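*Asks:*
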Ligand code: SF4
Ligand code: SF4
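In this note's numbering, the protein residues as written are 80 to 180.
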């Protein structure tokens with residue numbers, strides 16, 4: 080298959096939020112957005128949203144500020160890896176659960 084056609088197929092893939100299923104309790108790392116570093120929050124403009132674009136589970140909102148639906152987030156860390164402002168930190172899930180209690 081020619082590379083061009085392959086790209087077209089990829090662009091037709093439109094996952095819906097939560098299509099990957101409820102994460103349950105197996106996530107090991109949790110993404111936390113540092114709003115002081117997040118570009119749309121800092122500028123007040125609907126820009127960047129690289130985290131929204133790259134999240135394979137489609138669970139990041141394209142809003143100011145962007146939010147992450149942890150019910151479906153798998154903790155893969157792609158958003159943190161791709162964020163141009165280094166605004167997303169992957170933290171230990173178990174530690175966060177203890178903090179919430
Ligand atoms: S990729 Fe980083 S800077 Fe861009 S919207 Fe997401 S958290 Fe903010
Ligand atoms: S850790 Fe993975 S699944 Fe969770 S918001 Fe980031 S890219 Fe999406």
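Just so it is clear, CB atoms sit at the ideal spot from N, CA and C, and this is done for glycine as well. The structure presented is a predicted model; accordingly, all values stated were derived computationally and were not measured.
1) Shorter than 6 Å, the distance from the beta carbon of residue 137 to the closest heavy atom of ligand 1, or not?
2) Considering only residues of the same chain and omitting the five flanking positions on each side of residue 113, which have a CB-CB separation below 7 Å?
3) Grab me the residues of residue 116's own chain with a C-beta within less than 6 Å of its C-beta, minus the 5 sequence neighbours each way, in chain order.
4) Pair every Cβ in the region 171-180 with every Cβ in the region 104-112, then say whether three or more of these pairs are closer than 8 Å.
5) I'd like to confirm the pairing. Which residues does DSSP put opposite residue 167 in its beta bridges?
6) Using 8 Å as the Cβ pair cut-off and three pairs as the minimum, do the region 117-127 and the region 154-161 touch?
7) Please name the residue in 141, 134, 162 whose C-alpha comes closest to that of residue 151.
8) What does the alpha-carbon distance come out to for the pair residue 144 and residue 136?
9) Measuring only from the beta carbon, is residue 163 closer than 6 Å to any heavy atom that is part of ligand 2?
10) Is residue 144 close to ligand 2? I mean its beta-carbon at under 6 Å from any heavy atom of the ligand.
*Replies:* Concretely, from the data shown:
1) no
2) 166, 168
3) 164, 166
4) yes
5) 112
6) no
7) 134
8) 19 Å
9) no
10) no
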